[in-house]
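One structure is given below, encoded as structure tokens.
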Amino acid sequence: MFKRGLTIAAALLALTAAGCSAEREWGGGSASPAGTAKIGLITKTDTNPYFVQLRESAKAAAQARGAEFIALAGQFDGDNDGQVRAIENFVQQGVNTILITPNSSTGVLDAIARARQAGILVIALDTATEPADAVDATFATDNFEAGRQQGAYAKAALGATPPKLLMIDGTAGSSVNTLRHDGFLAGIGLAEGAPEIRGTQNANGDQNLAQQGAENLLARASDINVVYTMNEPTARGAHAALQARGLAGPVVMASIDGGCEGVANVAAGQIRATVMQFPGKMAELGVDAGVEYAKTKQKPSGFHDTGSVVITDHPMPGVRSEAVAWGEQNCWGDK
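Numbered per mature numbering (1 follows the signal peptide of the UniProt record, and there is no 0), the sequence shown spans residues -22 to -1, 1 to 313.
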């Protein structure tokens, strides 16, 4: 399990011209001893707590394994151009491994192909590419299954009561957004476009946008009993909108992420349950693969599910879950 409370040893440098931000752990372009892994990480942003934790876990794993490490990020969720420039930056700096959480499953494929042609191992973390073999391997949550667990929990919590559902989605066109959305509907037992779905709103994973979107939906359809949220910042925004209308208690709302703040939201009753992911595990597996590749040129392949589990103090029959106390000990870490 990753150790929370790691201090950030390197300063964050704004690369305005490159359209991304960086955290450096080596001198760019410097030669590395033979067999030493030189690993570059590219996240969707460097502000979302989930990607901050993934970066810190990768950084700690690299330090523990004697690998050189640098992190870059898009300036916002959906910044494909920034991620393309980050890949090009890493190729120029001579990394032997790139770990990337793609903003779009298709938006960075040409740059990834050029990196692989240059002999660089490329691993997707958190978000799969389309096609999957555009990268050497993927270490990620099965997002459809995470959404299905969320939906199954909501269905069990409603019992015999028919759902009246609002859906606060993430970024339109994102594979993570689509998989979680579709998984939730499968878990709760609804088809896309079903009349039980009273409204949907994209919020790009942003708390403020989620609150605004939920307020707009509630103004048109306040007779609801369940809310789907794509991630925990989205859930916090939706909770604020529900609370303003006196609906926070009666409405069943679950989410996905499993960050320490999200687990605290579950403990406080703001979210009934959350589906925990393990970005620390993704990061460590990615770094391990990069270190192995530097030593032996052996590459991993295929999709590796890093797991997910429902966290709640209100367990439901037929839904595997862990208590909040377990979640507090394991939030965003290794299982």
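C-beta: ideal position from N, C-alpha, C; glycine also.
Restricting attention to A118, L144, A213, the CA atom closest to the CA of L168 is found in L144.
Between the region 188 to 200 and the region 212 to 231 there are three or more inter-stretch CB-CB distances shorter than 8 angstroms, so the stretches are counted as touching. The beta-bridge partner set that DSSP reports for Q179 consists of I146. Two segments are said to touch when three or more pairs of C-beta atoms, one from each, lie closer than 8 angstroms; by this definition the region 44 to 52 does not touch the region 227 to 243. Counting along the chain, G268 sits inside the alpha helix (DSSP H) bounded by residues 257 to 274. A distance below 8 angstroms between beta-carbons, with the five flanking residues on each side excluded, links K133 to the following residues of its chain, in chain order: P141, G165, I166, G167. Here T178 has M145, D147 as same chain residues with Cβ atoms under 7 angstroms from its own Cβ, once five neighbours each way along the sequence are excluded. Going by DSSP, G240 is part of the alpha helix (DSSP H) stretching over 238 to 245. Secondary structure of I98 (DSSP, three-state): coil.
The three-state reading of DSSP puts E34 in helix, counting H, G and I together. Leaving aside the five residues that flank P257 on each side, the residues in its chain whose CB is nearer than 7 angstroms to its CB run, in chain order, Y28, Q31, L32, S35, D104, W310. The alpha-carbon separation between Q127 and Q70 amounts to approximately 42 angstroms. Checking the DSSP bridge columns, you'll see Y206 partnered with M145, A232.
Of T252, E108, G97, D201, the smallest CA-CA separation from K16 is found for G97. Residue range 302 to 308 is occupied by the alpha helix (DSSP H) that includes G305.
Counting C-beta atoms within 10 angstroms of its own C-beta, K22 has 16 or more neighbours from the protein chains shown and is therefore classed as buried. Rounded to whole angstroms, the separation of the alpha carbons of N194 and N180 is 12 angstroms. Here the alpha carbon of T119 sits roughly 33 angstroms from the alpha carbon of A199. Annotation: L77 to G44 spans about 17 angstroms, alpha carbon to alpha carbon. Contact between V229 and N209 does not hold, since their C-beta atoms are separated by about 18 angstroms, which reaches or exceeds 8 angstroms. Among the bridge pairs identified by DSSP, K16 is matched with E46. By DSSP's assignment, S152 forms no beta bridge with any residue. Of the candidates Q61, T79, Y131, S83, the residue whose Cα lies closest to the Cα of I249 is Y131. Apart from the 5 residues on each side of it in sequence, N81 sits with its Cβ closer than 7 angstroms to the Cβ of K22, G52, D55, G56, D57, N58, Q61 in its chain, given in chain order.
If you draw a straight line from the Cα of T75 to the Cα of N121, it is about 25 angstroms long. Excluding sequence positions up to five before and after K37, its CB lies within less than 6 angstroms of the CB of F47, all in the same chain and listed in chain order.
Under the DSSP assignment, I249 falls outside any alpha helix (DSSP H); it carries neither an H nor an E label.
The criterion of a C-beta distance shorter than 8 angstroms is not satisfied by G183 and H159.
If you draw a straight line from the Cα of A89 to the Cα of I65, it is about 7 angstroms long. Taking C-beta atoms as the reference points, A251 and V287 fail to come closer than 8 angstroms.
With fewer than 16 other CB atoms across the displayed protein chains lying within 10 angstroms of its CB, P109 is exposed.
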